[in-house]
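Enquirer: In our numbering, the protein residues as written are 30 to 361.
Even glycine gets a Cβ: it sits at the ideal position worked out from N, Cα and C.
A quick note: this is a predicted structure, and the numbers were derived from the prediction, not measured.
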Amino acid sequence: MHDKQDKSVALLIEEFLTARATRKPSPHTQAAYRRDLTAVATLAAELSTPPLPLTDLPVDALSPRLMRAAFARFAAGRAASSVGRAWSTWNGFFSFLVAEQVVPGNPMPAVGRPRTPLPTPKPLRGEDTPEHLLASAARAEGRQRDPWPERDVAVLALALCAGLRLSELLALRVGSLGGRPGERRIEVTGKGGRPRVLPVEPDLDAVLATYLDSRARRFGSRTLRQVSPLLVDRQGEPLRRGGLQYLVESCYRRAGIGDRVPRGARLHALRHTFATRLAEDGAGAAEIMRLLGHASLASSQTYIEVTSGQQREAVRANRTYRALAGLLPAAD
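#1: I'd like the list of long-range same chain contacts for residue 319, defined as Cβ closer than 8 Å, with 5 residues on each side in sequence excluded.
#2: Taking residue 286 as part of the beta strand (DSSP E), name the residues at either end of that continuous run.
#3: I'd like to know if the stretch 204-216 and the stretch 297-315 are in contact, where contact means that at least 3 CB-CB pairs between them fall below 8 Å.
#4: Suppose you measure from the CA of residue 282 to the CA of residue 120; what does that come to, to the nearest Å?
#5: With a Cβ-Cβ cutoff of 8 Å, do residue 140 and residue 88 count as a contact?
#6: Roughly how many angstroms separate the alpha carbons of residue 143 and residue 113, rounded to a whole number?
#7: How long is the line joining the alpha carbons of residue 201 and residue 216, rounded to whole angstroms?
#8: So if DSSP puts residue 216 in a beta bridge, which residue, or which two residues, is it bridged to?
#9: With distances taken between CB atoms, is the gap from residue 60 to residue 39 smaller than 8 Å?
#10: Closest to residue 246 by C-alpha separation, out of 304, 264, 57, 55, would be which residue?
#11: Find the nearest neighbour of residue 118 within the set 243, 134, 42, judged by alpha-carbon distance.
#12: Check each candidate in 151, 93, 170 and name the one with the smallest Cα separation from residue 135.
#13: Which of the three DSSP states is assigned to residue 192 in this structure?
#14: From the DSSP secondary-structure annotation, give me the bridge partner or partners of residue 206.
#15: Whose C-alpha, out of 167, 48, 219, is nearest the C-alpha of residue 197?
#16: Of the residues 170, 156, 150, which one's Cα is nearest the Cα of residue 192?
#17: So if DSSP puts residue 37 in a beta bridge, which residue, or which two residues, is it bridged to?
#18: Note down the Cα distance separating residue 271 from residue 81, rounded to an integer number of angstroms.
#19: Based on the DSSP secondary-structure assignment, which residues constitute the bridge partners of residue 258?
#20: Write down every uninterrupted run of the beta strand (DSSP E) in the stretch 119-196 whose length is 3 residues or greater and which is fully enclosed by it, in chain order.
#21: Are at least three pairs of beta-carbons, each pair with one atom in the stretch 222-239 and one in the stretch 169-184, less than 8 Å apart?
#22: For residue 346, count the other beta carbons within 10 Å of its own beta carbon; 16 or more makes it buried, fewer makes it exposed. Which is it?
#23: In chain order, what residues of the same chain have a beta carbon less than 7 Å from the beta carbon of residue 231, not counting five sequence neighbours either side?
#24: Can you tell me the Cβ-Cβ gap for residue 76 and residue 91, rounded? I've got them flagged as a contact below 8 Å.
#25: Can you check whether the CB of residue 176 is closer than 8 Å to the CB of residue 169?
#26: Between residue 243 and the rest of its own chain, which residues show a CB-CB distance below 8 Å, the 5 nearest in sequence each way excluded?
#27: Check for me: the alpha helix (DSSP H) holding residue 309 runs from which residue to which?
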């Protein structure tokens, strides 16, 4: 067995996080990995015999029995989704240790994993809301300090017409856009470092070209190198997580659609709107899966199921249905 077997769990967690960093996860994701690993490992150290500080817990102490006890304690007072995420993180950690020949096997299959329902899509409410939002963002209002409608529309259009996540938007580079006219595409790095290529139709291409032209006028063409971030703030600096969230929130406020944005979705509502409209227009789960970069078909299927339910509700509201009641005698 590898000599790392004698190392503490705390040190091996750091090695695992270093290995994961090569996949370029978002800082938010990397921080979540650390929290989940440290929290459960701390409980395992407390429940070991005798109790140990985390820095002294050896990896060979992580038996299925101890891991079950630690996860039982961890699950108390936490949502099933949080426990499931921690289980996945630990499963990945042990898979790493097995590959590195630190431990002989992965004990996580012996640890119960809660079943969590797939999240319900939360698109923007209202049939014309996306169009209203884009039209509002395209207007440079006098109340804005240093308005930049070309940039704002580009951000909203990438989320609404390409379904990009927040982290994916921030990771885009000028060189992410490529292809000949009529065959334009954008290269995206999704969750877990999984790449995908999305088609860019002429209207979106024109929006992005207009934005880049306006950026060259503001900051000079040297800011448009292939490796330069695609999205920048009003000072020409790379747009960051908080700045992107604030930008989208301000677009909602200016458009007056705050009541049409589902609670807890905010920027993600734009991605959900993209996927829901795909389903409404007949796209299958496999196409939605590829375009959104989902890891499983089940996640994409939820958009189709929600759309089907909305269609049934619309049919049920048809007044003619009420006229059918009692129209003919019931069959014997």
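Expert: Considering the structure as presented:
#1: 225
#2: Premise fails: residue 286 is in no beta strand (DSSP E) and is neither H nor E.
#3: No: fewer than three Cβ pairs fall under 8 Å.
#4: 42 Å
#5: no
#6: Approximately 6 Å, taken between the alpha carbons.
#7: Each residue's Cα considered, the two are about 8 Å apart.
#8: Bridge partners of residue 216: 226.
#9: no
#10: 264
#11: 42
#12: 93
#13: coil
#14: 215
#15: 219
#16: 150
#17: 87
#18: Residue 271 and residue 81 have their C-alpha atoms roughly 39 Å apart.
#19: 202
#20: none
#21: yes
#22: Since pLDDT at residue 346 reaches only 49, below the 50 mark, its modelled position is unreliable, and no value is offered.
#23: none
#24: Contact doesn't hold; Cβ gap of about 11 Å is too wide.
#25: In this structure, residue 176 lies closer than 8 Å to residue 169 by Cβ.
#26: 177, 179, 180
#27: 297-309
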